[in-house]
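S.K.:
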Amino acid sequence: MRERFFHNRTAVVTVLFVLIIAMIGILAPVLAPHDPYETDILNKFAEYSLEYPLGTDHLGRCVLSRLIYGIRPTLGLALLTMLGTIGLGALLGIMAGYFRGVVEEVIMRVVDVMLSFPSQIMVFAVVGLLGISVQNVIIANVFIKWAWYARMIRTGVMQYRDRNFVQFSRCVGMPERFILFRHLLPSITSDLAVLASLDVGWAIINISTLSFLGLGVQAPTPEWGAMLNEAKEVLTSNPIQMIAPGVAIVLLVCCFNLMGDALRDVLDPKEVEK
Amino acid sequence: MIPVLELHDLCVTLRQHRRAIELVKGVSFSVHAGECLGVLGESGSGKSMSIKAAMGLLNKSFLVSGSARFQGEELLGKSAEELRRLRGGKVGIVLQNPMTCFDPLYRIGQQISETFLAHNSWSADEIRNRSLALLEKMQIRNPEEVLEKYPHQLSGGMLQRIMIGIATSMEPALLVADEPTTAIDAITQFEILDELIRIKRDANTAMIFISHDLDAISRVADRIVVLNQGQVVDQGDFDHILHHASDPYTKLLVEKRADVMRRYCQVLQGKERNYA
Amino acid sequence: MKRYVIRRLLLAIPLLLAISFVCFVFINIIPSNPAEVALRVQQMPVITEEAIAEMEVMLGLNKPFIVRYFDWVLGCLHGDFGINYVNPARTVAGELARCLPATLQLAAVSFVIVLVLSVPIGFLCAVYKDGWFDKIMRAIIFISTAMPAYWVGLLLMWGISVKLDLLPTNGSGTWQHLILPSFTVALSYISTYIRLIRNNMLENMNQDYVLYANVRGLPQKSIMVKHILKNSMHTCIVAMGMSIPQMIAGTIVVENVFSWPGLGTLCISSIFNRDLPVIQTYVLLIGVLFVVFNLVFDVLQTVSDPRLRKED
Numbered sequence: 001m002r003e004r005f006f007h008n009r010t011a012v013v014t015v016l017f018v019l020i021i022a023m024i025g026i027l028a029p030v031l032a033p034h035d036p037y038e039t040d041i042l043n044k045f046a047e048y049s050l051e052y053p054l055g056t057d058h059l060g061r062c063v064l065s066r067l068i069y070g071i072r073p074t075l076g077l078a079l080l081t082m083l084g085t086i087g088l089g090a091l092l093g094i095m096a097g098y099f100r101g102v103v104e105e106v107i108m109r110v111v112d113v114m115l116s117f118p119s120q121i122m123v124f125a126v127v128g129l130l131g132i133s134v135q136n137v138i139i140a141n142v143f144i145k146w147a148w149y150a151r152m153i154r155t156g157v158m159q160y161r162d163r164n165f166v167q168f169s170r171c172v173g174m175p176e177r178f179i180l181f182r183h184l185l186p187s188i189t190s191d192l193a194v195l196a197s198l199d200v201g202w203a204i205i206n207i208s209t210l211s212f213l214g215l216g217v218q219a220p221t222p223e224w225g226a227m228l229n230e231a232k233e234v235l236t237s238n239p240i241q242m243i244a245p246g247v248a249i250v251l252l253v254c255c256f257n258l259m260g261d262a263l264r265d266v267l268d269p270k271e272v273e274k
Numbered sequence: 275m276i277p278v279l280e281l282h283d284l285c286v287t288l289r290q291h292r293r294a295i296e297l298v299k300g301v302s303f304s305v306h307a308g309e310c311l312g313v314l315g316e317s318g319s320g321k322s323m324s325i326k327a328a329m330g331l332l333n334k335s336f337l338v339s340g341s342a343r344f345q346g347e348e349l350l351g352k353s354a355e356e357l358r359r360l361r362g363g364k365v366g367i368v369l370q371n372p373m374t375c376f377d378p379l380y381r382i383g384q385q386i387s388e389t390f391l392a393h394n395s396w397s398a399d400e401i402r403n404r405s406l407a408l409l410e411k412m413q414i415r416n417p418e419e420v421l422e423k424y425p426h427q428l429s430g431g432m433l434q435r436i437m438i439g440i441a442t443s444m445e446p447a448l449l450v451a452d453e454p455t456t457a458i459d460a461i462t463q464f465e466i467l468d469e470l471i472r473i474k475r476d477a478n479t480a481m482i483f484i485s486h487d488l489d490a491i492s493r494v495a496d497r498i499v500v501l502n503q504g505q506v507v508d509q510g511d512f513d514h515i516l517h518h519a520s521d522p523y524t525k526l527l528v529e530k531r532a533d534v535m536r537r538y539c540q541v542l543q544g545k546e547r548n549y550a
Numbered sequence: 551m552k553r554y555v556i557r558r559l560l561l562a563i564p565l566l567l568a569i570s571f572v573c574f575v576f577i578n579i580i581p582s583n584p585a586e587v588a589l590r591v592q593q594m595p596v597i598t599e600e601a602i603a604e605m606e607v608m609l610g611l612n613k614p615f616i617v618r619y620f621d622w623v624l625g626c627l628h629g630d631f632g633i634n635y636v637n638p639a640r641t642v643a644g645e646l647a648r649c650l651p652a653t654l655q656l657a658a659v660s661f662v663i664v665l666v667l668s669v670p671i672g673f674l675c676a677v678y679k680d681g682w683f684d685k686i687m688r689a690i691i692f693i694s695t696a697m698p699a700y701w702v703g704l705l706l707m708w709g710i711s712v713k714l715d716l717l718p719t720n721g722s723g724t725w726q727h728l729i730l731p732s733f734t735v736a737l738s739y740i741s742t743y744i745r746l747i748r749n750n751m752l753e754n755m756n757q758d759y760v761l762y763a764n765v766r767g768l769p770q771k772s773i774m775v776k777h778i779l780k781n782s783m784h785t786c787i788v789a790m791g792m793s794i795p796q797m798i799a800g801t802i803v804v805e806n807v808f809s810w811p812g813l814g815t816l817c818i819s820s821i822f823n824r825d826l827p828v829i830q831t832y833v834l835l836i837g838v839l840f841v842v843f844n845l846v847f848d849v850l851q852t853v854s855d856p857r858l859r860k861e862d
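Protein chains in written order, with this note's numbering: chain A, 1 to 274; chain B, 275 to 550; chain C, 551 to 862.
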C-alpha cells in the first residue's frame with residue numbers, strides 16, 4: 001500500500017502540495033510579509049512589486065499577506081466541515097448498517113429525505129434560519145452532507161458484515177465492538193478517504209461562496225471568498241484584486257480533486273488494472 | 275480454386291499503457307465455398323479475435339498484422355468504408371448472446387430494414403417484402419407481428435434465428451457463426467444447428483463455425499482447426515481430431531469430452547437398468 | 551403504465567409531506583422565538599411581553615405544534631405561505647410571485663445553453679476519445695469544476711462588460727442582461743453533463759448491440775447517432791430533467807453577483823433581514839420542484855423505454 005502510494009506521482013505531489021499549503025497557513029505570522037489587517041489608504045491599489053508581491057487592495061492591505069492568512073479559515077473550515085460530516089455520517093451509517101431493524105429504518109428514511117433536498121438551497125436555509133456566523137456555516141455544510149456519508153458507510157458496513165472474515169471473528173467469539181473497530185472501520189476507510197478528499201474541494205467552494213455572499217466569514221478577516229467579495233466592489237477600478245484569491249481557490253480545489261482520483265487508484269488496485 | 279477466406283500468419287496485439295500483449299500469434303487457416311470450417315478452442319484462445327481482426331471489428335488499440343484475404347483480396351489495410359460494405363453484405367456474421375445484440379430501443383423490423391438500407395437502395399415495399407421473406411425462411415410464425423416487436427419481447431432462440439436470417443439475407447459468400455449456440459438452451463441449439471446445416475447445403479456458402487463445444491462443431495464442421503492461446507495447434511477432419519490429435523491440448527479437450535460422454539452413457543444405462 | 555404513474559404519484563406524497571415537515575420544523579426549532587424575531591425585524595423599539603404575546607396570536611404560535619403544522623400545510627395548499635416579517639402588508643406568496651419570473655427566465659436560458667453545448671461536446675468527446683478534442687475538453691472540465699460560480703461571474707463581468715464593454719454588468723431588462731448570468735449558471739452544469747454523456751456513450755460503445763450493428767455493416771454515423779447517442783440520452787433523461795430544478799436553485803449565487811432581481815436575491819436579502827417565512831417558503835418551493843421534476847422525468851423515461859413500457 002505504502003509502496004503504491006509512493007509510486008503514484010499524482011498522489012505524492014498533491015498530498016505534498018496540500019501539506020505545504022497547510023504549513024504556510026500555520027506559519028502565516030512568520031511567512032507573511034505584512035500584517036493582513038494593516039491599512040494604508042495612501043498606498044491602495046499598488047501594482048505588483050517586491051514590497052507587495054501581489055499588490056495591495058482598496059484599503060492598501062497587502063494581498064499576499066491576506067492570502068496567506070486566508071489559508072487558515074479557508075482550508076481550516078473546510079477540513080473542520082469534513083471532520084464533522086464524516087463523524088456524523090460514520091456514526092449514523094455504522095449504527096444503521098450494524099444494528100439494522102428499527103434504527104436502520106429511521107436513519108435511512110431521514111437520509112432519503114435529506115438526499116431529496118437540493119443541497120445548495122439547504123445551506124442557505126440553515127444559515128438563514130440559524131443566523132449568520134462561521135459556526136452556522138459549518139453546521140449547515142455538515143447538515144447537508146452527512147446523509148451521503150451515512151448511506152455510503154452503511155452500504156460498506158453491510159457489505160463487510162457478511163464477509164467471511166467478519167463472520168469468522170464472530171464465530172471465534174470476539175466481542176462486537178472489537179469486530180467493528182478492528183475489521184469494519186479499516187475496510188471502509190479507503191472508500192472514505194477518496195470521497196472525503198473529493199469533498200474537501202466541494203467544501204472549500206461552498207464555504208467561500210457563503211463568505212462571498214457575506215453569510216460566512218465576515219469582512220475584515222482574510223478569507224478567500226470574503227476577499228473576492230471585497231474585490232467585487234472595486235471590480236472596475238482594480239480588477240487585478242480578484243485574480244489572486246480566485247486562482248488560489250481553483251488551485252487548491254483542483255489539487256484536492258486530483259488527490260481524490262489518485263487516492264482511488266492507490267487504494268483500489270482493481271481500478272488500475274482495468 | 276481461391277479460398278473464400280484465407281488467414282495467413284495473422285497476429286493481433288493489444289497495446290495498453292505502453293504494454294503490448296500478443297493475443298493472436300500467427301494464425302493461418304482457410305475456408306472454401308461450400309465448406310464448413312469449425313474453429314475450436316476455449317474462451318480467450320483467440321478464436322473470435324482473429325475473425326474480428328480480419329473483418330475490421332477491432333478498435334484502434336489492437337494492432338493487426340499478417341494477411342487476411344477474402345476471395346483473393348487483401349482485407350487488412352482496406353478502408354473502414356470498404357470493410358463496412360463487406361460486413362453484412364458479402365460476409366454475414368452471427369454472434370452469441372442474441373438477447374443483447376439488438377438495440378433495445380428499436381423494433382425488429384426497423385433493425386432489419388436499416389441493415390438492408392446500409393447495403394442496398396431498396397424501396398420501402400421491397401424492404402418489407404424481403405423482411406417478411408427472411409422471417410418466413412427462418413420458420414418464424416406471425417412474421418408481420420414479429421416485425422413490430424421490440425427485442426425484449428422475443429425469445430433468445432427467435433432472435434438468434436432472426437440474426438441468422440439477417441446474416442444470410444444478402445446472399446453472403448461467407449457466413450461466420452461466432453458461438454451461435456452458447457447462450458441458448460439445448461433444444462433451440464439443436465434447431466439452430468439444423469438451420470446452419472441447411473444453409474450450407476442449400477446455398478453453397480463458405481462457413482466458419484466458432485465454438486468451444488466439440489459436440490456442436492462435430493455436427494456442422496467438415497474440417498476443424500483447434501486454437502489454443504492464440505495459436506493453431508491442430509487441424510484436420512473430426513475423425514483426425516478425435517483419434518489422431520498430436521497436440522496435448524487437443525487431446526485434453528477430446529478426453530474431457532469423452533469422459534463426459536462415458537459418464538452420460540453410464541447414467542443412461544444405469545437408468546435403464548433401474549427401469550428393467 | 552397507468553398503474554405505474556399512479557404508484558409513482560402516491561409514492562411522492564409521503565416525500566412531499568416529509569419535505570414540508572422539515573421546512574416547518576426548521577422555523578420552529580431555531581433558538582429564538584419567531585414572534586420575537588418578527589418584532590425585532592419590524593424594529594419595534596421596546597419589545598414587551600404583551601407585544602410578543604400579541605404577535606404569537608397573530609402568527610398563530612399559541613396553538614399546539616401539530617395543529618400549527620397542519621394549519622400551515624393547509625395554508626400552503628391554498629397558496630397562503632404567511633406574511634412577510636419585514637413588511638406585514640406584503641404576503642410571502644406575493645413576494646415569491648414577484649421574483650419567480652426572473653429566476654425562471656434565467657434558469658430556462660441556462661438550461662438551453664447547457665443542452666446545446668453539453669450534448670454535442672459530450673458526443674464528440676466520446677467519438678474522438680483520447681483525441682486532442684477530448685483531452686482539451688477534459689482539461690477544461692477539470693478546471694471548471696474547481697472554479698466557484700461567483701468567481702466565473704466576476705471574471706466574465708470584468709472581461710466582457712468592463713474591458714470589452716460588450717454587455718451590461720448587472721441588472722435586468724433586455725436580453726443582453728441575460729447572457730452573462732445565464733452563461734455563468736450554465737457553466738457549472740455543462741461540465742457535469744458533458745462528463746455524463748461522454749461516459750454514458752463510452753459505456754454504450756462496449757455493448758453487444760454496437761458490435762452487432764458493426765457486424766451488420768451499418769455506417770458509423772448511423773451507429774453513433776441513431777444507436778449509441780439515442781441509448782445514452784435515454785439513460786440521461788432523468789439527470790437532464792433534474793438539472794432544471796437544480797438550475798432554478800443554482801441561480802441563487804449568480805443572481806447575487808449580477809444583481810438579478812430573482813428568487814436568489816430575494817432569498818439572500820431575506821437571510822440578512824431574518825425574514826424567516828420567505829426562506830421557509832423558498833426552501834419548500836425548491837423541494838417541491840425537485841420532487842415534481844423527478845416524478846415527471848421518471849415517468850417520461852418509463853414511457854420512452856420499450857422495455858419498461860407495458861403495452862396496454
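From the three backbone atoms N, C-alpha and C, an ideal C-beta is built for every residue, glycine too.
Roughly how many angstroms separate the alpha carbons of V272(A) and S711(C), rounded to a whole number?
M.R.: Per-residue confidence for V272(A) stands at a pLDDT of 44, beneath the threshold of 50, marking its modelled position as unreliable; the derived number appears in the next sentence. Each residue's alpha carbon lies about 46 Å from the other.
S.K.: Using a 10 Å radius around the Cβ and a threshold of 16 neighbouring Cβ atoms, would you call M275(B) buried or exposed?
M.R.: exposed
S.K.: Enumerate, from N- to C-terminal direction, the unbroken alpha helix (DSSP H) stretches of 4 or more residues contained entirely within the region 377 to 427 of chain B.
M.R.: 382 to 393, 398 to 411, 417 to 421
S.K.: Is there a Cβ from chain C that is less than 8 Å from the Cβ of A392(B)?
M.R.: yes
S.K.: If we ignore side chains and look at the alpha-carbon of each, how far apart do M323(B) and L467(B) end up?
M.R.: 22 Å
S.K.: Less than 8 Å separating the beta-carbons of S405(B) and L421(B)?
M.R.: In contact: S405(B) and L421(B) (Cβ atoms closer than 8 Å).
S.K.: Could you check which residue in I836(C), L646(C), V828(C), F661(C) has the C-alpha nearest to that of A799(C)?
M.R.: I836(C)
S.K.: Under 8 Å, with one C-beta from each stretch per pair, do the region 75 to 82 of chain A and the region 91 to 98 of chain A reach the 3-pair mark?
M.R.: no
S.K.: Does Y424(B) pass the burial test, meaning 16 or more other C-beta atoms within 10 Å, or should it be called exposed?
M.R.: buried
S.K.: Pull out every residue of the region 830 to 844 of chain C whose Cβ sits closer than 7 Å to any Cβ of chain A, in chain order.
M.R.: V833, I836, G837, F840, V841
S.K.: Consult DSSP for G340(B) and reduce its assignment to one of helix, strand or coil.
M.R.: strand
S.K.: So T801(C) packs on V735(C), CB below 8 Å; how close in whole Å?
M.R.: 6 Å
S.K.: Comparing the C-beta of M242(A) with each C-beta of chain C, is any distance below 8 Å?
M.R.: yes
S.K.: Using a Cβ-Cβ cutoff of less than 6 Å, which residues in the same chain neighbour Y700(C) once the five nearest sequence positions on both sides are dropped?
M.R.: V803, V807
S.K.: Can you tell me whether D399(B) is buried or exposed, with buried defined as 16 or more other CB within 10 angstroms of its CB?
M.R.: Its Cβ having fewer than 16 others within 10 Å, D399(B) is exposed.
S.K.: Just mark K274(A) as buried or exposed, buried being the case when its beta carbon has 16 or more other beta carbons within 10 Å.
M.R.: Only weak support exists for where K274(A) lies, its pLDDT of 36 falling under 50; the value from the coordinates is given anyway. With fewer than 16 Cβ atoms within 10 Å of its Cβ, K274(A) is classed as exposed.
S.K.: Cα-Cα, which of H426(B), I386(B), R531(B) is closest to L409(B)?
M.R.: I386(B)
S.K.: Measuring only the C-alpha atoms, how far is I438(B) from N371(B)?
M.R.: 13 Å
S.K.: Do Q503(B) and S319(B) come within 8 Å of each other at the CB atom, strictly closer than that value?
M.R.: If you check the CB distance, S319(B) and Q503(B) come in under 8 Å.
S.K.: Have a look at I740(C) and A193(A) and give me their C-alpha separation to the nearest angstrom.
M.R.: Approximately 27 Å between the Cα atoms of the pair.
S.K.: I want to verify the contact list: residues of chain C whose CB lies under 9 Å from the CB of H426(B), in sequence order.
M.R.: P856, R857
S.K.: Using DSSP with H/G/I as helix, E/B as strand and the rest coil, what is V555(C)?
M.R.: Helix at V555(C).
S.K.: Measuring only the C-alpha atoms, how far is M158(A) from F5(A)?
M.R.: 28 Å
S.K.: Using a C-beta to C-beta distance shorter than 8 Å, which residues of chain C count as neighbours of N238(A)?
M.R.: Result: empty, since nearest Cβ-Cβ is about 10 Å, beyond 8 Å.
S.K.: Using 10 angstroms around the beta-carbon of S485(B), count the other beta-carbons present and answer buried if the total reaches 16, otherwise exposed.
M.R.: That one is buried.
S.K.: Establish whether the CB of N806(C) and some CB of chain A are separated by less than 8 Å.
M.R.: yes
S.K.: Helix, strand or coil: how does DSSP classify D862(C) here?
M.R.: Its pLDDT being 43, under 50, D862(C) is placed unreliably by the model, and the measurement read from it follows with that caveat. Looking at D862(C) - three-state DSSP - the assignment turns out to be coil, as it is neither helix nor strand.
S.K.: Taking F817(C) as the query, report the chain A residues whose CB atoms sit under 7 Å from its CB, ordered along the chain.
M.R.: For the sequence presented, residue 817(C) should be read as Cys rather than Phe. Near C817(C) (Cβ distances below 7 Å), the residues of chain A are F124.
S.K.: Have a look at V659(C) and G791(C) and give me their C-alpha separation to the nearest angstrom.
M.R.: 14 Å
S.K.: For M774(C) and D283(B), I'd like the C-alpha separation in whole angstroms.
M.R.: 33 Å
S.K.: Alpha carbons only, please: which of C285(B), V286(B), M329(B) is nearest the one belonging to L279(B)?
M.R.: M329(B)
S.K.: Report the residue ranges of all alpha helix (DSSP H) runs contained in full by the region 195 to 227 of chain A; include only those spanning at least 4 residues, in chain order.
M.R.: none
S.K.: Tell me whether W202(A) is buried or exposed, calling it buried when 16 or more other Cβ atoms sit within 10 Å of its Cβ.
M.R.: It is buried - the Cβ of W202(A) has at least 16 other Cβ atoms within 10 Å.
S.K.: Can you tell me whether E348(B) is buried or exposed, with buried defined as 16 or more other CB within 10 angstroms of its CB?
M.R.: Exposed, since its Cβ has fewer than 16 Cβ neighbours within 10 Å.
S.K.: Taking Cβ-Cβ distances shorter than 8 Å, what residues in chain F pair up with L706(C)?
M.R.: In summary, chain F is missing from the structure at hand, where the protein chains are A, B and C.
S.K.: Using a Cβ-Cβ cut-off of less than 7 Å, list which residues of the region 365 to 379 of chain B approach chain C; keep chain order.
M.R.: The residues in question are I367, L369, N371, T374, C375, F376, D377, P378, L379.
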